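If you read the protein sequences in the order shown, they are chains Y and Z.
Heads up: the first sequence runs through residues 1 to 89, numbered per the working numbering.
Heads up: the second sequence runs through residues 1001 to 1331, numbered per the working numbering.
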Amino acid sequence: MSNVFIAFQKNEDSRAIVNAILADNPGAIVSDQPAMVKIDVPGHLVVRKSTIEEEIGRAFDLQEMQVHLITMSGNVDETDDEFTLTWHQ
Amino acid sequence: MQIDLRTVSITPLRQTYNHIAERLGADKPASRYIEGTMNVQPDANFHYRPTWDPQHELFDPRRTRLVMQDWYALKDPRQFYYGAYTQARARMQEVAEADFEFVEERGLADRYDDAARRKALDFYVPLRHVAWGANMNGAYQCAYGYGTAITQPCLYAGMDQLGIAQYLTRLGLLLGNQGELEAGKQAWLQAPAWQGLRRLVEDTWVLKDWFELFVAQNLVLDGVLFALAYKEVDQVLSEQAGPVVSMLTRFQAEWGQDANKWVDAVMKVAAAESPENKELLSHWYAHWRGRVQQALAPIAELALGADGADALARSVAAVDGRMNKAGLTLA
């Protein structure tokens, strides 16, 4: 199964997003680069609003994530509560 | 000339401070909140004990009967350090200011129903003295408390209360005039309906145990009063005369929700620490719950008449429900 990935700029908000992704995706592989964090997961990656809110300590609109987003790969499925990346095969 | 570009990756020698890494269990990046909060409390080399309290060190965890293994366990789920706190409040204030401006520009205060105006002025304006009392208490908790995780948000809450007193003052000036503030003060000092609450506020000023003060002020008084004032009374005024007062008390309504999140989290951790803590907190809660209910009864009646008792009971039940969840034993 090929990986899906998502990459964020490194900042205070994206740290909470990355921590939430790591909590929700046990298979995640983080690559910490200068000014960027990239997360690879085999097959399926989920970003949950509720987990981010716990990490960041305030209400979070999933669309805020776009501000910190650098790139991603995979087919996107987005709702108010979840953002998922998968490969439709 | 040929230039070769190559990528050099410089890995930082450390991700965070040593004392933070020790707490996190590994050297990994920590949030600003954690870095700005953990181990900030001075705990050594105090030299002399204060002459005004020679039983204790200058900063001493024994100024409350509550015992915590680690005072930094009482973290704020909102993750407020100075920067995050001021930004969050600036956002709330911007919205509240816009509401005040709207009411002023459209002349909504002038056209407000006179019976509702009287009720709003009689009920809300004296509450600015309660808010000032809460400001004093927030400062006390911060001064005599222990552990930055808890003292920091206590002071923030105290400063917020000062802002709330100012918003109530502006409500009085917008719906009435300078004379209403003086009348509100006279009611606070003289009117029989307010004397129970005034006594309660003044009694909290002389509490020595800062965590008991936290329970009395931030949990019970704020919890019940904000539900009563900015939910129950607000709803009735809104039905009677439209949402003008709701707009002018918007900051308080939002602040109450925000503060509850923090208070609930602190109570939950403190109660889970040990059976002794749980018993102590339940005892404090029961004591102040009774006093607050008694003190607020005439005020609820002042604002809501015969429905006041039910509204107050609902407000108290809401705090009971929160404390049930936080793990206290309710009598």
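C-beta: ideal position from N, C-alpha, C; glycine also.
On a predicted model such as this, the values are computed, not experimentally measured, just so you know.
Closest Cβ-Cβ distance between residue i and chain Z: below 9 Å?
| i | result |
| --- | --- |
| residue 64 (chain Y) | no |
| residue 15 (chain Y) | yes |
| residue 58 (chain Y) | yes |
| residue 26 (chain Y) | no |
| residue 33 (chain Y) | yes |
| residue 82 (chain Y) | no |
| residue 12 (chain Y) | yes |
Please state the DSSP three-state secondary structure of residue i.
| i | result |
| --- | --- |
| residue 39 (chain Y) | strand |
| residue 1302 (chain Z) | helix |
| residue 1003 (chain Z) | coil |
| residue 1055 (chain Z) | coil |
| residue 1020 (chain Z) | helix |
| residue 1277 (chain Z) | helix |
| residue 1287 (chain Z) | helix |
| residue 1235 (chain Z) | helix |
| residue 1027 (chain Z) | coil |
| residue 1064 (chain Z) | coil |
| residue 1041 (chain Z) | coil |
| residue 86 (chain Y) | strand |
| residue 1323 (chain Z) | helix |
| residue 1130 (chain Z) | helix |
| residue 69 (chain Y) | strand |
| residue 1307 (chain Z) | helix |
| residue 1245 (chain Z) | helix |
| residue 1122 (chain Z) | helix |
| residue 76 (chain Y) | strand |
| residue 1012 (chain Z) | coil |
| residue 1074 (chain Z) | coil |
| residue 1329 (chain Z) | coil |
| residue 1050 (chain Z) | coil |
| residue 1176 (chain Z) | coil |
| residue 1160 (chain Z) | helix |
| residue 1170 (chain Z) | helix |
| residue 57 (chain Y) | coil |
| residue 1146 (chain Z) | coil |
Please tell me whether residue i has its Cβ less than 9 Å away from any Cβ of chain Y.
| i | result |
| --- | --- |
| residue 1093 (chain Z) | no |
| residue 1088 (chain Z) | yes |
| residue 1078 (chain Z) | yes |
| residue 1033 (chain Z) | yes |
| residue 1150 (chain Z) | no |
| residue 1010 (chain Z) | yes |
| residue 1029 (chain Z) | yes |
Got a sec, what are the start and stop residues for the beta strand (DSSP E) residue i sits in?
| i | result |
| --- | --- |
| residue 30 (chain Y) | 29-33 |
| residue 1109 (chain Z) | Careful: residue 1109 (chain Z) lies outside any beta strand (DSSP E) and carries neither H nor E. |
| residue 5 (chain Y) | 3-9 |
| residue 1203 (chain Z) | Note, residue 1203 (chain Z): premise wrong, no beta strand (DSSP E); alpha helix (DSSP H) at 1192-1205. |
| residue 64 (chain Y) | Taken as a continuous stretch (DSSP letters only), residue 64 (chain Y) belongs to no beta strand (DSSP E), as it is neither H nor E. |
Starting from residue i and walking both ways along the alpha helix (DSSP H), at which residues does that stretch end?
| i | result |
| --- | --- |
| residue 1266 (chain Z) | 1250-1273 |
| residue 1222 (chain Z) | 1222-1227 |
| residue 48 (chain Y) | Here residue 48 (chain Y) belongs to no alpha helix (DSSP H); instead the beta strand (DSSP E) covers 44-48. |
| residue 18 (chain Y) | 12-24 |
| residue 1374 (chain Z) | In the structure as shown, chain Z begins at 1001 and stops at 1331. Residue 1374 (chain Z) is therefore absent and cannot be evaluated. |
| residue 1213 (chain Z) | 1210-1214 |
Can you say whether residue i is buried or exposed, counting buried as having 16 or more other CB atoms within 10 angstroms of its CB?
| i | result |
| --- | --- |
| residue 34 (chain Y) | exposed |
| residue 1217 (chain Z) | buried |
| residue 1047 (chain Z) | exposed |
| residue 1161 (chain Z) | buried |
| residue 1129 (chain Z) | buried |
| residue 1119 (chain Z) | buried |
| residue 1148 (chain Z) | buried |
| residue 1102 (chain Z) | exposed |
| residue 25 (chain Y) | buried |
| residue 1250 (chain Z) | buried |
| residue 1288 (chain Z) | buried |
| residue 1052 (chain Z) | exposed |
| residue 1079 (chain Z) | buried |
| residue 1 (chain Y) | exposed |
| residue 1255 (chain Z) | buried |
| residue 1151 (chain Z) | buried |
Does residue i come within less than 9 Å of chain A when only Cβ atoms are used?
| i | result |
| --- | --- |
| residue 1235 (chain Z) | Judged by its chain identifiers, the structure shown contains no chain A, and its protein chains are Y and Z. |
Does the ligand HEM have even one heavy atom less than 8 Å from the beta-carbon of residue i?
| i | result |
| --- | --- |
| residue 43 (chain Y) | Within the structure as shown, the ligand HEM is missing, as the structure has no ligands at all. |
Would you check if the stretch 1186-1201 of chain Z and the stretch 1303-1310 of chain Z touch, i.e. whether three or more CB-CB distances between them fall below 8 Å? no
Do the stretch 1258-1267 of chain Z and the stretch 1290-1301 of chain Z make contact, defined as three or more Cβ pairs closer than 8 Å? no
Meets three-Cβ-pair contact criterion under 8 Å: the stretch 1076-1088 of chain Z and the stretch 53-64 of chain Y: yes
Three-pair Cβ contact test at 8 Å for the stretch 1176-1188 of chain Z versus the stretch 1136-1149 of chain Z: no
Segment contact flag, the stretch 43-51 of chain Y with the stretch 1059-1066 of chain Z, C-beta cutoff 8 Å, min 3 pairs: no
Three or more C-beta pairs closer than 8 Å, one from the stretch 1103-1117 of chain Z and one from the stretch 1268-1287 of chain Z: is that the case here? no
If contact is defined by three or more beta carbon pairs under 8 Å, each pair taking one atom from either stretch, is the stretch 1152-1160 of chain Z in contact with the stretch 1184-1191 of chain Z? no
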